[in-house]
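In this note's numbering, each residue carries its 1-based index in the sequence shown increased by 6.
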Amino acid sequence: MIKELAEFGKRIRTGHDALKDEPISIDLVINEDGSFNSFLVIEKISRKAEALNSKKGKARLLLDKPEEVICYGGELSNKKHQLFLDKLSVYEDLELLKPVFSFYNSNKENGIERASLEFESQISEKERGGNIAFRVNDIRIHEQQVVYDAIIERFEFNQIEKLKGGKGNCSICGSSKYPITKDTHGMIKNVPKGQKAGCAFVSYNEKAFESYGLLKNLNSNICTNCAKNYVEGLNWLLSNGYLKGVSRQTNCRIFGNDTAMIYWTKDEEQIDEINWLDNPDVGEITNLIDSVFSGDQRIMRGIKSNWFYSCTLSGAAARIAIRDWIEISLEDYRKNIAKWFQDIAIKNDGVLKYSRLYFLAQAGHNTKLSNDPTISRIANHLWKSALLKDYVPPLWILASVLKRIRYIEPVEDGKKRTDPISLERASLIRLIINRNNSKNGTIMKEQLDTADVGTAYMFGRIFAVQVAIQRAAIGKNINAGIREVFFSSASTNPAPAFGRIMRLTQRHLTKLKQDDSGAFTVLDRKLQELCRTINPSDFPSLFTLEEQGQFALGYYHQKQKDYEDFKEHQNSKLKSTIEEE
Ligand SMILES: [Zn+2]
7 MIKELAEFGK
17 RIRTGHDALK
27 DEPISIDLVI
37 NEDGSFNSFL
47 VIEKISRKAE
57 ALNSKKGKAR
67 LLLDKPEEVI
77 CYGGELSNKK
87 HQLFLDKLSV
97 YEDLELLKPV
107 FSFYNSNKEN
117 GIERASLEFE
127 SQISEKERGG
137 NIAFRVNDIR
147 IHEQQVVYDA
157 IIERFEFNQI
167 EKLKGGKGNC
177 SICGSSKYPI
187 TKDTHGMIKN
197 VPKGQKAGCA
207 FVSYNEKAFE
217 SYGLLKNLNS
227 NICTNCAKNY
237 VEGLNWLLSN
247 GYLKGVSRQT
257 NCRIFGNDTA
267 MIYWTKDEEQ
277 IDEINWLDNP
287 DVGEITNLID
297 SVFSGDQRIM
307 RGIKSNWFYS
317 CTLSGAAARI
327 AIRDWIEISL
337 EDYRKNIAKW
347 FQDIAIKNDG
357 VLKYSRLYFL
367 AQAGHNTKLS
377 NDPTISRIAN
387 HLWKSALLKD
397 YVPPLWILAS
407 VLKRIRYIEP
417 VEDGKKRTDP
427 ISLERASLIR
437 LIINRNNSKN
447 GTIMKEQLDT
457 ADVGTAYMFG
467 RIFAVQVAIQ
477 RAAIGKNINA
487 GIREVFFSSA
497 STNPAPAFGR
507 IMRLTQRHLT
517 KLKQDDSGAF
527 TVLDRKLQEL
537 CRTINPSDFP
547 SLFTLEEQGQ
557 FALGYYHQKQ
567 KDYEDFKEHQ
577 NSKLKSTIEE
587 E
């Protein structure tokens with residue numbers, strides 16, 4: 007995995023390794039003689055400066071925080087300030103830095119000392135956290151080419167020095183061209199739940215890594231160049247659509263509040279399919295499914311193979327926990343995504359619908375807590391299901407969505423009660439049942455399946471008709487209708503529930519017969535046809551988890567079918583059975 011990340015980093019890296027863009031918040035303006043002029047708050051910009059793998063125990067040449075630059079913060083800053091001065095002294099031969107040296111040494115009283123006194127009055131408290139850069143007249147010192155050249159020269163000298171003490175070949179690139187050092191690799195930013203300052207990707211004793219078959223202390227075998235490559239690669243992927251202020255196609259999804267999925271291809275290639283997971287485009291999805299499953303192999307043939315990678319990670323304070331690593335050929339990637347859309351398709355209002363992956367994840371959790379980690383766990387399983395066609399998401403997700411459905415929220419004032427089985431929930435149930443059942447058992451269809459006469463599925467269908475009969479007989483303003491009162495018991499304890507619901511339904515039918523004989527005839531026939539295929543005495547006293555899911559899908563499919571059947575009945579009470587959604 008690190009190898010692929012390093013390869014990717016190499017692809018996107020630009021400029022010299024010794025330099026890196028760093029933000030600037032404040033200009034410290036000094037005169038030629040080193041005397042202090044003023045502090046200027048500037049709108050945050052980024053400019054190249056000396057690159058540091060980590061700030062720990064280090065200061066950056068000519069651009070750093072107030073602690074380092076003017077020893078702001080009293081004694082605690084002494085150490086940091088000294089690091090800054092030490093760094094500066096390495097470059098004392100640079101003519102351009104003369105005013106800066108005067109500022110700290112010969113003209114100290116008018117320089118650093120005055121600056122320290124003025125800092126708090128010139129810079130408001132909330133502005134004091136940023137980087138300070140030196141300016142003489144209109145020139146920002148650290149941005150000058152001579153300074154850049156000096157940094158690069160120093161960097162290359164150090165590389166050679168380190169190589170002398172190098173320890174053989176790098177485990178990633180296999181070469182001994184760059185040194186392997188004990189230095190911490192660069193920090194990874196933007197990891198959900200990670201430290202603001204960044205997290206270390208590879209570190210000693212990282213359990214997550216061992217489980218991926220990587221050796222402990224691996225980082226002692228990564229050369230400085232490969233380390234830099236993978237760090238740059240990861241940071242680029244995690245920067246979530248923005249890189250140096252330029253919008254680009256994002257390579258990252260943040261799910262919940264603690265999980266990020268990043269993905270990329272080995273060779274650069276447009277991969278739109280992944281965006282359809284969040285933004286399903288029915289036309290494009292149909293084309294993809296057709297081309298993948300119609301045996302049309304033209305797209306596959308003669309094209310050099312490329313690879314798709316995805317990595318799921320979460321922050322754990324200073325470290326990154328790797329949850330998953332996926333590595334598939336681009337051909338498989340397309341096939342697998344096509345399979346995903348087939349598996350989550352649900353017919354709704356007469357057309358196939360594909361839900362957004364994140365909506366499916368939301369459909370599966372059953373608390374209202376916004377920081378509930380369940381959503382990101384479910385999202386991760388769904389992400390894997392989308393990218394790996396044989397991946398079987400765990401059954402606890404089914405339990406979770408069913409629990410959510412059974413818990414019917416009370417009607418709030420003025421708010422219409424909606425059906426607890428939404429399109430997304432139906433879709434999620436179908437996916438989980440089918441993936442868990444792919445080797446044996448019935449595969450649930452995307453729409454009403456008249457060939458499926460399983461007890462749970464049939465009872466779900468009957469229940470939908472019973473709900474419709476009540477609505478036709480009494481109207482839609484029912485406070486506690488059959489669905490609200492009996493959904494939970496019918497889907498879990500069918501035998502006792504069925505008799506009670508049937509008695510109610512008979513009463514509703516009697517009323518409907520008097521009020522609207524047309525609607526009565528249609529609904530009564532529907533109910534009878536369904537009841538003919540099952541024997542209520544076969545109803546078990548308990549449905550299994552999977553049967554509960556089949557019940558829910560049977561209910562949903564039947565409701566959708568009725569919706570299509572009754573749409574045209576403008577004046578009949580049949581219409582009232584379908585108005586809800
Ligand atoms: Zn290497």
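Where a beta carbon is used, it is the ideal one built from N, C-alpha and C, also for glycine.
In this text, all values refer to a predicted model and were calculated from it rather than measured experimentally.
1. Please report the straight-line C-alpha distance between D92 and K395, rounded to a whole angstrom.
2. Given 8 angstroms as the limit, tell me if N59 has its C-beta closer than that to any heavy atom belonging to ligand 1.
3. Helix, strand or coil: how does DSSP classify K168 here?
4. Is L46 helix, strand or coil by DSSP?
5. Can at least three beta-carbon pairs, one atom from the segment 133-151 and one from the segment 24-35, be found at a separation below 8 angstroms?
6. Assuming the contact rule is C-beta atoms closer than 8 angstroms, A470 and Y561 should be a hit. Round their C-beta distance to whole Å, please.
7. Output needed for A392: all residues of its chain with C-beta closer than 8 angstroms, excluding positions within five of it in sequence on either side, in chain order.
8. Using a threshold of 9 angstroms, state whether the C-beta atoms of A12 and N354 are closer than that.
9. Output the residues surrounding ligand 1, defined as those with a CB atom closer than 5 angstroms to any ligand heavy atom, in chain order.
10. Assess contact between the segment 155-172 and the segment 110-124, defined as three or more Cβ pairs (one per stretch) separated by less than 8 angstroms. Is contact present?
11. Just how far apart, CA to CA, sit Q5 and S60?
12. Using the C-alpha atoms, what's the distance from D338 back to S300?
13. Leaving out the 5 sequence neighbours to the left and right, which residues in its chain are closer than 7 angstroms to A405 when beta-carbon positions are compared?
14. How many angstroms separate the CA atom of D70 from the CA atom of A323?
15. Among F465, G356, N196 and I411, which one has its Cα closest to the Cα of G370?
16. Just reading off the alpha helix (DSSP H) that I277 is part of, what are its end residues?
17. Have a look at S181 and G174 and give me their C-alpha separation to the nearest angstrom.
18. Using CA atoms only, rank isn't needed, just tell me which of S382, N443 and V357 is closest to Y569.
19. Please state the DSSP three-state secondary structure of A558.
20. Let me confirm a value: K532 is counted as buried when at least 16 other C-beta atoms fall within 10 Å, else exposed. Which label applies?
21. In the structure shown, what three-state DSSP assignment does E430 receive?
22. Applying the 10 Å Cβ sphere with the 16-neighbour rule, what's the burial state of R325?
23. For S245, report the span of its alpha helix (DSSP H) as first-last.
24. If I507 sits next to Q534, beta carbons under 8 angstroms apart, how far is it from one beta carbon to the other, in whole angstroms?
25. Going by the beta-carbon positions, is the gap between G460 and E553 smaller than 9 angstroms?
26. Taking 9 angstroms as the cut-off, decide whether the C-beta atoms of Y269 and F207 are in contact.
27. R19 by DSSP, collapsed to three states: which one?
28. Between the C-alpha atoms of I449 and I484, what's the straight-line distance to the nearest angstrom?
29. Can you find the residues in the same chain that come closer than 7 angstroms, C-beta to C-beta, to G219, ignoring five residues on each side of it along the sequence?
30. Classify D522 as buried or exposed, calling it buried when 16 or more other Cβ atoms lie within 10 Å of its own Cβ.
31. If distances are taken between C-alpha atoms only, which option among E73, H563 and L319 comes closest to I468?
32. Buried or exposed, going by whether 16 or more other CB atoms sit within 10 Å of the CB of K565?
33. Go ahead and pull the three-state DSSP assignment for Y364.
34. Tell me the residue span of the beta strand (DSSP E) that contains K501.
35. Comparing C-alpha positions only, which one of G192, S44 and S428 sits nearest to K359?
Quick answer:
1. Stepping through the sequence shown from its first residue, residue 92 is reached at position 86. Stepping through the sequence shown from its first residue, residue 395 is reached at position 389. One alpha carbon belongs to D92, the other to K395, and they sit about 57 angstroms apart.
2. As a first step, residue 59 is located in the sequence shown; it is residue number 53 there, counting from the start. Checking the Cβ of N59 against ligand 1 gives no.
3. Along the sequence shown, one-based indexing puts residue 168 at 162. Helix at K168.
4. Locating residue 46 in the sequence shown gives position 40, counting from the first residue. Assigned with DSSP and collapsed to three states, L46 falls in strand.
5. Pairwise C-beta distances place the segment 133-151 in contact with the segment 24-35, as three or more of them are shorter than 8 angstroms.
6. The residue labelled residue 470 in the question sits at position 464 within the sequence shown. The residue labelled residue 561 in the question sits at position 555 within the sequence shown. Confirmed, Cβ separation roughly 5 angstroms.
7. Here residue 392 refers to the residue found at position 386 of the sequence shown. Closer than 8 angstroms at Cβ, skipping near neighbours: L283, N342, I343, W346 and L363.
8. For the purposes of this step, residue 12 is taken as the residue at position 6 of the sequence shown. For the purposes of this step, residue 354 is taken as the residue at position 348 of the sequence shown. Taking 9 angstroms as the Cβ cut-off, A12 and N354 do not qualify as a contacting pair.
9. Here the list is C176, I178, C179, C229 and C232.
10. Remark: fewer than three beta-carbon pairs, one from each stretch, lie closer than 8 angstroms, so the segment 155-172 and the segment 110-124 are not flagged as touching.
11. In this structure the chain extends from 7 to 587, so residue 5 is not present and cannot be described.
12. Position 294 of the sequence shown holds residue 300. Position 332 of the sequence shown holds residue 338. CA-CA distance, S300 to D338, rounds to 15 angstroms.
13. Locating residue 405 in the sequence shown gives position 399, counting from the first residue. Excluding residues within five positions, the ones whose Cβ falls inside 7 angstroms are L551.
14. Within the sequence shown, residue 70 is the residue found at index 64, counting from 1. Within the sequence shown, residue 323 is the residue found at index 317, counting from 1. Each residue's alpha carbon lies about 24 angstroms from the other.
15. Within the sequence shown, numbered from 1, the residue matching residue 370 stands at position 364. If we check each option's Cα against that of G370, I411 comes out closest.
16. Here residue 277 corresponds to residue number 271 of the sequence shown, with the count starting at 1. Looking at the DSSP string, I277 is not in any alpha helix (DSSP H), and its letter there is neither H nor E.
17. Looking up residue 181 in the sequence shown gives position 175. Looking up residue 174 in the sequence shown gives position 168. S181 and G174: Cα-Cα distance of roughly 8 angstroms.
18. Stepping through the sequence shown from its first residue, residue 569 is reached at position 563. Of the candidates S382, N443 and V357, the one whose C-alpha sits nearest the C-alpha of Y569 is V357.
19. Residue numbering aside, residue 558 sits at position 552 when the sequence shown is read from its first letter. In the three-state reduction of the DSSP assignment, A558 falls in the helix class, which pools H, G and I.
20. Mapped onto the sequence shown, residue 532 falls at position 526. Per the 10 Å Cβ criterion, buried.
21. Counted from its first residue, the sequence shown places residue 430 at position 424. Reduced to three states, the DSSP call for E430 is helix.
22. Taking the sequence shown and counting its residues from 1, the one referred to as residue 325 is at position 319. Under this definition R325 is a buried residue.
23. Taking the first residue of the sequence shown as 1, we reach residue 245 at position 239. Looking at the DSSP string, S245 is not in any alpha helix (DSSP H), and its letter there is neither H nor E.
24. Residue numbering aside, residue 507 sits at position 501 when the sequence shown is read from its first letter. Residue numbering aside, residue 534 sits at position 528 when the sequence shown is read from its first letter. Contact check for I507 and Q534: beta-carbon distance about 15 angstroms, past the 8 angstroms limit, so the pair fails to qualify.
25. On the sequence shown, position 454 is the one that residue 460 refers to. On the sequence shown, position 547 is the one that residue 553 refers to. Cβ distance < 9 angstroms, so G460 and E553 count as in contact.
26. Your numbering for residue 269 matches position 263 in the sequence shown. Your numbering for residue 207 matches position 201 in the sequence shown. Not a contact, by the Cβ cut-off of 9 angstroms.
27. Residue mapping note: residue 19 aligns to position 13 of the sequence shown, counting from 1. If DSSP states are grouped into helix, strand and coil, R19 belongs with coil.
28. Looking up residue 449 in the sequence shown gives position 443. Looking up residue 484 in the sequence shown gives position 478. Taking the CA atoms as reference points, I449 sits about 35 angstroms from I484.
29. What you label residue 219 is simply residue 213 of the sequence shown in a count that begins at 1. Any reading at G219 needs caution, since the residue's pLDDT is 39, under 50, leaving its predicted position unreliable; the model's value is listed next. Beyond the five residues adjoining it in sequence on each side, G219 comes within less than 7 angstroms, by CB distance, of no other residue in the same chain.
30. By 1-based counting over the sequence shown, the position of residue 522 is 516. Looking at its Cβ environment, which holds 16 or more other Cβ atoms inside 10 Å, D522 is buried.
31. Residue mapping note: residue 468 aligns to position 462 of the sequence shown, counting from 1. Minimum Cα-Cα distance from I468 among the listed residues E73, H563 and L319 corresponds to H563.
32. Taking the first residue of the sequence shown as position 1, residue 565 is located at position 559. Label assigned to K565: buried.
33. As a first step, residue 364 is located in the sequence shown; it is residue number 358 there, counting from the start. Note: Y364 maps to helix in three-state DSSP.
34. Here the question's residue 501 lines up with position 495 in the sequence shown. Rather than Lys, the amino acid found at residue 501 in this sequence is Ala. Counting along the chain, A501 falls outside any beta strand (DSSP E), though it belongs to the alpha helix (DSSP H) covering P500 to D521.
35. On the sequence shown, position 353 is the one that residue 359 refers to. Looking from the CA of K359, the closest CA among G192, S44 and S428 belongs to S428.
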